[in-house]
Each structure stands twice: as structure tokens, then as C-alpha cells.
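Below is one structure; the comments refer to it alone.
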Amino acid sequence: MTEQQPSLEEVKQQCIFCQIISGEVPSKRVFEDENFIAVLDINPASKGHMLVLTKEHYSVMPQIPENVIENLGKVAKALSRASLRAFQAQGTSIFIANGPTAGQRAQHFMMHIIPRIEDDGLGITLPEGQIQSEVQEKIQNAFLKGAEQVFGKSFEERKKENKEENSEVRVKEKNNEEEASLDDIASFLTGK
Ligand SMILES: [Zn+2]
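Going letter by letter, the sequence shown gives residues 2 to 193 in my numbering.
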């Protein structure tokens, strides 16, 4: 870190989202727990477009501690589900812009939850590229090499170690999915 770089405190003081979290800047809050706050986006892409913010100031996902980030999926699931219920939405688009190259404009980490209805014209679509299988294999290998540095073990080693743990997780997920489908999806499709 060089001397010209602002300290974390200075960054936080200038961060509009930290001010929203502290309450200095008003917002329409829709969720809060130990680690996250969700507020309605002031320039919503759709009705109910919300931002899930970490209470602490982090710029990008890799900075967020494991014990915080592991709860983000649960928060996203619950808020997505609540959006479907509240706005009669038929789906949600959920995304994180991680870094300026990815379109991140704020300095504070956030996840967008955007309720979707049919023909809403939001145009959140990705191009479908073409790729040869051999090229894809090279990309897979390159990724796995990088991942080995992150995880400290090869993919094969991790698969072996996680086998029992994973089957347990899969069972839990399946039960949860069935619950959700009965509770939510069917009723939204029939409009009840
Ligand atoms: Zn901030």
C-alpha cells in the first residue's frame, strides 16, 4: 500500500453505501441481518430491484470472509423467494458485478436481485459463443490449475475427500427444492 492510497476509514467515509448502512443517507430497507442489509435500488431496473450490501465495506467478493460470504446464498434465496411472492414476479435475475471490468461502478460490494416478469424487456441476455471441445478442454485444464492454487489440492483430490459430504448436501438440497416447489413455484404458476 502506498501513502497516496486512502485508508479504509477514509474510503468508508466517502462510500455512499456505507452511509446508507449507517443511516446517514436514507434508504428503503427491506432486509437486515448480522452481515447484510438489502435496500431498494434508487434507479431500479424493475419493480422491487434490490441491492444486498455487506455491512462491512468490501469492494469485491474475494475480500469477503468465508463466514460472511457463505450466508449470501441463503439471503439471496430468501429475498428472491420473497420478491416472487410480493411482486407476482415469475423469476429473478441475480448478479454481482465483480470489478470495474465487469461493470462495477460502486466501491462497495453488492448483489442485485431483480424481479422479472414475462416480456419485461430488460434484455439481460448473454451471447452464446461457439467453442470446440478441444479448446474447451484446454480452458478446463487451465482453470483447474488455477483452482488448485486456491484450494491447495487438485480437483480429483477434492472430489475424493468431499464425496461423503457432498452426498449429504445433495440430499438436503433435494428436500428443500421439493418444499420450495410446492410452496412457491406451483402457486405462482397458477396465480394463487
Ligand atoms: Zn462502503
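Virtual Cβ for every residue (Gly too), placed ideally from N, Cα, C.
Looking at the DSSP output, Arg-117 sits in a beta bridge with Gly-92. Near ligand 1, meaning a beta-carbon closer than 5 angstroms to one of its heavy atoms, we find Cys-16, Phe-18, Cys-19, His-58, His-109.
Straight-line spacing of the CA atoms in Pro-27 and Leu-54 works out to 15 angstroms.
By the 16-neighbour rule on beta-carbons within 10 angstroms, Phe-110 is buried. Under the three-state reduction of DSSP, Thr-126 is assigned to coil, being neither helix nor strand. Listed in chain order, the non-local C-beta contacts of Leu-123 below 8 angstroms within the same chain comprise Ala-46, Ser-47, Ser-94, Ile-115, Arg-117, local neighbours out to five positions each way being set aside. Here Ile-38 is near Lys-56, since their CB atoms are less than 8 angstroms apart.
The criterion of a C-beta distance shorter than 8 angstroms is not satisfied by Gln-108 and Ser-155. Sorting Gln-20, Leu-52, Glu-162, Asn-36 by C-alpha distance to the C-alpha of Met-112 places Leu-52 at the top.
By alpha-carbon distance to Leu-80, the top candidate from Met-62, Ala-148, Glu-33 is Glu-33.
Between the alpha carbons of Ser-8 and Cys-19 lies a gap of roughly 14 angstroms. For Arg-30, the pairing in a beta bridge is given by DSSP as Val-40.
Following the DSSP letters along the chain, one finds Val-53 inside the beta strand (DSSP E) bounded by residues 51-55. When the beta-carbon positions are compared, Asn-72 and Asn-99 stay at least 8 angstroms from each other.
With a cutoff of 8 angstroms on beta-carbon distance, Ser-84 and Gly-49 are scored as near each other. Exposed is the label assigned to Ala-143, since fewer than 16 other Cβ atoms lie within 10 Å of its Cβ. Counting along the chain, Ile-97 sits inside no alpha helix (DSSP H), nor does DSSP assign it H or E at all.
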